[in-house]
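Peer 1:
Residue numbers (my numbering): 15 to 460.
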């Protein structure tokens, strides 16, 4: 199966250059293949070896990586005008896909760290090489130094574990239970920065605003999920100490999620607003993981998949408006329903999924996470209600501000949406709303 998927991704550039409908046909076949295989019982590890393994948690994130990387190529058709840069862009995307595939499927803790950090390189090249403004260099430096500063303690913690158990195998670590505060902080902090948690989130809005559409898609769709995946893996052998200290992360993430939700109403940059909304959603995911119960783990996993598709689609919409108006400002991007009424439908569909309306995966994930956090403390209900309410608030604020009202008077030329853009948005929305039919809690292994 994985050979078939890799062949599919490598053929995508060829399909984009020759006929967009070939690519669409292959993606639809891929969706059918995905749904057919999700019914398999993956409760036990498949392809077991000393190096690679795949359980359901890895399986879903690998497929999400392949899906988003295919859509990244589809959304970057403007690069076809510059043949050399386009070829380099394709190599960069393929290298990024390989790094992500290896990160999610490797069993060795040190190799996981290696590929986890290796995925930073192509993302940094995307931002610095294809960004819009000179500030992209500063955004790239923010991304690199935040990640590397938090990752050095993780590197030292991994070798401390090796010194104690003489091995790096992730699935054997559950037989150990480390109870050292310094080790716990070093192992957890790198993933909290990657998600990101409030207080260490400043790199994300900067990186999103300066990144090209493909960079924003991979950042929102996959890179934030690396932090959640890493937490789900390392908390297996840090259970006892996490139960003592989880209230710190829960308090910071829930209070930070509420504050960031209010911050979204102050944004005038569309991409910045979508980036801050990602921080608010990831704060609930951190809470669900840190509570360490069945509902929390399942809900965080489902919300990560749903948010990866939804947020990536919203950045595509922001880019479609940017290509026509050459601005991300909400003062200029308004009254768009006058020009592209059919595109307003896609704004509504993806923003309704962002506010966790049925039948999106976000709804199922948020219900599970609310259930989980309520079981931990009834007082968390107050912040959860506020986060959920303001999530709907800033989604409706973005929709009403950009689609309604008087259009920008300085506009002198405009063109409608093309079939490639509508198909790109459909391929984000369709799995986001149809995969809820295939979710089965009894199958998910944790």
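No residue lacks a Cβ here, since even glycine has one placed at the ideal position from N, Cα and C.
Do residue 253 and residue 191 have their beta-carbon atoms positioned less than 8 Å apart in this structure?
Peer 2: Against a cut-off of 8 Å, the Cβ pair of residue 253 and residue 191 comes out as a contact.
Peer 1: Is there contact here, the stretch 151-170 with the stretch 97-117, by at least three beta-carbon pairs under 8 Å?
Peer 2: The stretch 151-170 vs the stretch 97-117: no contact.
Peer 1: Taking C-alpha atoms, which residue in 118, 141, 382, 140 lies nearest to residue 130?
Peer 2: Nearest C-alpha to residue 130: 118.
Peer 1: Mark residue 442 as exposed unless 16 or more other C-beta atoms lie within 10 angstroms of its C-beta, in which case mark it buried.
Peer 2: The residue in question, residue 442, is buried, as its Cβ has 16 or more Cβ neighbours within 10 Å.
Peer 1: Using the three-state DSSP reduction, which class does residue 118 fall into: helix, strand or coil?
Peer 2: If DSSP states are grouped into helix, strand and coil, residue 118 belongs with the helices.
Peer 1: Going by CA-CA distance only, name the one from 318, 205, 197 that's closest to residue 235.
Peer 2: It is 318.
Peer 1: Rank 69, 364, 255 by C-alpha distance to the C-alpha of residue 324 and give the top, closest one.
Peer 2: That would be 364, whose Cα lies nearest to the Cα of residue 324.
Peer 1: What are the boundary residues of the alpha helix (DSSP H) that residue 382 is part of?
Peer 2: Here the alpha helix (DSSP H) through residue 382 covers 375-390.
Peer 1: I need the DSSP call for residue 251, collapsed to helix, strand or coil.
Peer 2: It is coil, neither helix nor strand.
Peer 1: Would you mind stating whether residue 141 and residue 204 have Cβ atoms separated by less than 8 Å?
Peer 2: In this structure, residue 204 does not lie closer than 8 Å to residue 141 by Cβ.
Peer 1: Between the alpha carbons of residue 68 and residue 280, how many angstroms are there, rounded?
Peer 2: If you take the alpha carbons of residue 68 and residue 280, they lie about 42 Å apart.
Peer 1: Using 8 Å as the threshold, is the stretch 184-203 in touch with the stretch 245-252, meaning 3 or more CB pairs across them?
Peer 2: Yes, they touch.
Peer 1: Could you name the residues of the same chain whose beta carbon sits closer than 6 Å to that of residue 333, not counting the 5 residues immediately before and after it, in chain order?
Peer 2: If we look at residue 333 and ignore the five residues flanking it on each side, its Cβ neighbours are 227.
Peer 1: Is the stretch 193-212 close to the stretch 265-275, with three or more CB pairs under 8 Å?
Peer 2: These segments touch.
Peer 1: Within 10 angstroms of its Cβ, does residue 293 collect 16 or more other Cβ (buried), or is it exposed?
Peer 2: Residue 293 comes out buried.
Peer 1: Quick one: using the 10 Å Cβ neighbour count with 16 as the cut-off for buried, is residue 147 buried or exposed?
Peer 2: It counts as exposed.
Peer 1: Which same chain residues end up closer than 6 Å to residue 360 when comparing Cβ atoms and leaving out the 5 residues on each side of it in sequence?
Peer 2: Excluding positions up to five away in sequence, the list reads 439.
Peer 1: Alpha carbon to alpha carbon, how far is residue 221 from residue 150? Give it in angstroms, no decimals.
Peer 2: For residue 150 and residue 221, the distance between alpha carbons rounds to 7 Å.
Peer 1: Mark residue 302 as exposed unless 16 or more other C-beta atoms lie within 10 angstroms of its C-beta, in which case mark it buried.
Peer 2: Under this definition residue 302 is a buried residue.
Peer 1: Assuming residue 131 is part of the alpha helix (DSSP H), what are its boundary residues?
Peer 2: Unbroken alpha helix (DSSP H) run through residue 131: 123-132.
Peer 1: Closer than 8 Å is the cut-off here; do at least three beta carbon pairs connect the stretch 326-340 with the stretch 425-438?
Peer 2: These segments touch.
Peer 1: Assuming residue 88 and residue 434 are in contact, meaning their beta carbons sit under 8 Å apart, how far apart are those beta carbons, in whole angstroms?
Peer 2: With 8 Å as the limit, residue 88 and residue 434 qualify as a contact, their Cβ atoms being about 7 Å apart.
Peer 1: For the alpha helix (DSSP H) holding residue 219, just list the boundary residues, first then last.
Peer 2: Here the alpha helix (DSSP H) through residue 219 covers 217-224.
Peer 1: Hey, quick one: how far does the alpha helix (DSSP H) through residue 403 stretch, first residue to last?
Peer 2: Run containing residue 403: 394-417, per the alpha helix (DSSP H) assignment.
Peer 1: Roughly how many angstroms separate the alpha carbons of residue 174 and residue 166, rounded to a whole number?
Peer 2: Residue 174 and residue 166: Cα-Cα distance of roughly 13 Å.
Peer 1: Throw me the rounded Cβ distance for the residue 313 and residue 382 pair, which I believe falls under 8 Å.
Peer 2: That belief holds up - the Cβ atoms of residue 313 and residue 382 are roughly 3 Å apart, short of 8 Å.
Peer 1: Could you compute how far the alpha carbon of residue 297 sits from the alpha carbon of residue 354?
Peer 2: If you take the alpha carbons of residue 297 and residue 354, they lie about 34 Å apart.
Peer 1: Sorry if obvious, but does the Cβ on residue 206 come closer than 7 Å to a heavy atom of the ligand NAP?
Peer 2: The ligand content of the structure shown is nil, which means the ligand NAP is not present either.
Peer 1: On the CB-based measure, 16 or more other CB atoms within 10 Å of its CB, does residue 103 come out buried or exposed?
Peer 2: Classification of residue 103: buried, given that the 10 Å Cβ count is 16 or more.
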